[in-house]
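In the numbering used here, the protein residues as written are 328 to 758.
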C-alpha cells in the first residue's frame, strides 16, 4: 500500500510583507556599499594614473609622491562618502536622473577647470610640475561634482520643477489617475466587492506602510483590532487575485509622521487620488488639495446593503446608551444598535433590522432581537411588558388563556334561541 504522505507536495514557506521589506532593504544597502567602494577606488586610481602619466620616467614616481596622492585622494573620497551617509534620504529612482546628474557634474567640472587654467596662466604660466597637480585637481573635482550632482538629482527630483521649469522628475500619470488606498478602505472591504463587479478601471496603489499598519493591527492584543487587521490583509490578497483590478504595491515612503500624513504627501507628490472611509483623512487631504473618494459617499448614493426586515447574526460586544440597548459591529466596522439586547452582551444573537442611517462618518444600523420572547412588533412599537398587569400584552394573554366553555351560554329573558335579541316589551304584549 502506498503512503499518502509520500506523494504530498512540499509546503512552500510563507513570505510576509516584513520579510520582503527586509530583503529589499538589504539589497539596497549592498548596492549602495558597492557604489561607494567603486567611487573610492576610481578616485584613487585616476589620481595615481594622472600623476604617473605626467612623470618623465618611472624613477621620478617616488614613494613619497605615491603615499601623498593615495592619502589625499582617499581623504577626499572619505569626506564625500561621509557627507553622503549623513543625508540618507537618497534612492536610485531612474536612469535619467543618474545620466543628468553626471552631465551636470561634468559641466561644472569643465567650468571650474577653465577658471583654474585662467588663474594659473595669470600667475605666471603653467610649469611641468604645476600642471601635474592641476590635472589631479581637475580630475578630482570632476568626480566630486558628478557624484554630488547625481546624489542631489536623485534626492530632490520631485522639487526640480523650480530649478528647471521644462523638466519635471515627478512621476507622470497618464490616463486615469490611480487610486491610493488607505487602511480604513481595506478594512471596510467594500472596495473588493466593487472591484469584483468590474466597476473600478483605475490602477490601485497600496503603500507598504499601509500594509505595515495592517500587520500591526493583526498582531494587536485587542480582538476587534486583530480581526480588522486580518480582514484588511485578506482583502489585499483577494484584490491581487482579481483579474479585473490592477493592484500594485508601492514602496515609496514620503516624509511625514503617521500613515495619514504619508498618504497625503504621497498623493500630492504623485498626483494620486485617495480612496478612504476616514472622515478626518478626507478633511486633511482636501485642505492639502488632494482629491479624495469616500466609500461612504458612494454607499449613500446607492441602495443600502442592509434593508429593514432582514435578519442578521451579530455578536453584542458592549452595552448601549440605554439600559435596554446593546451594541455590536459588522465585519466592515459598521455599528449595530440592538434594542432589548442589554442583557445579552457577549452573546451571538439574531436581530431584525428596523432602520439604517448612512452618514459621511460611516453606517449605523438599528435592529431588535428576533429570538424567543424578545421579538417585538414589526412596526417598531413598544414591546408589551409581561410583568405589568395593565399592559396590553398581559391583558391579551389573560383573555386567551381562559378555559373554553363546554355548555351553552345564558339566554336573555330565559327564552329560546329564536327569541334571542327580542325586546321584552314585545314578549309581554304577546303573552
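Think of the CB as a built atom: it goes at the ideal place given N, C-alpha and C, for glycine as much as any other residue. Small disclaimer: the values here were computed from a predicted structure and weren't measured.
- When DSSP reads this structure, residue 559 sits in no beta bridge, so it has no partner.
- Take residue 638, set aside five residues on each side of it, and the residues of its chain with a beta-carbon closer than 8 Å to its own are 677, 678, 679, 680 and 697, in chain order.
- Contact between the segment 424-439 and the segment 392-407 is absent, with fewer than three C-beta pairs closer than 8 Å.
- For residue 404, the secondary structure class from DSSP, reduced to helix, strand or coil, is helix.
- At the C-beta level, residue 531 and residue 514 stay beyond 8 Å of one another.
- The straight-line gap separating the alpha-carbon atoms of residue 602 and residue 463 is approximately 56 Å.
- For residue 592, the enclosing alpha helix (DSSP H) stretches over residues 586-597.
- In the DSSP assignment, residue 680 is bridged to 694.
- If you draw a straight line from the Cα of residue 369 to the Cα of residue 425, it comes to about 17 Å.
- For residue 575, the uninterrupted beta strand (DSSP E) run begins and ends at 574-577, by DSSP.
- If only uninterrupted alpha helix (DSSP H) runs of at least 4 residues are considered, those enclosed by the segment 419-451 are 422-449.
- If you draw a 10 Å sphere on the C-beta of residue 658, you find fewer than 16 other C-beta atoms in it, and that means exposed.
- For residue 517, DSSP records no beta bridge to any residue.
- In the DSSP assignment, residue 524 falls outside any alpha helix (DSSP H) and carries neither an H nor an E.
- For residue 613, the enclosing alpha helix (DSSP H) starts and ends at 606-614.
- If you check the CB distance, residue 506 and residue 600 come in under 8 Å.
- Bounds of any alpha helix (DSSP H) do not take in residue 503, whose DSSP letter is neither H nor E.
- Shown here, residue 672 sits in coil according to DSSP, grouped into three states, outside any helix or strand.
- Per DSSP, reduced to three states, the secondary structure at residue 535 is helical.
- One Cα belongs to residue 548, the other to residue 360, and the distance between them is close to 40 Å.
- Under the criterion of beta carbons closer than 8 Å, residue 377 and residue 466 qualify as touching, at roughly 5 Å.
- By DSSP's assignment, residue 652 forms a beta bridge with 666.
- By the beta-carbon neighbour count (other beta carbons within 10 angstroms, threshold 16), residue 567 is exposed.
- Rounded to whole angstroms, the separation of the alpha carbons of residue 544 and residue 552 is 5 Å.
- Bridge partners of residue 638 according to DSSP: 679.
- Under the criterion of beta carbons closer than 8 Å, residue 593 and residue 534 qualify as touching, at roughly 6 Å.
- With fewer than 16 neighbouring CB atoms inside 10 Å of its own CB, residue 571 falls in the exposed class.
- Here residue 601 is bridged, per DSSP, to 507 and 619.
- The shortest CA-to-CA distance from residue 366 to any of 379, 619 and 406 is the one to 406.
- With respect to the 8 Å criterion, residue 591 and residue 615 are classified as neighbours on the basis of their beta carbons.
- In this structure, the straight-line span from the alpha carbon of residue 660 to that of residue 410 is close to 49 Å.
- For residue 695, the closest of 582, 574 and 665 by C-alpha to C-alpha distance is 665.
- For the 8 Å CB-CB criterion, residue 350 and residue 371 do not form a contact.
- Going by beta carbons, residue 643 and residue 673 fall inside the 8 Å limit.
- A Cβ-Cβ contact shorter than 8 Å links residue 518 with residue 512.
- In terms of Cβ geometry, residue 516 and residue 557 do not form a close pair [threshold 8 Å].
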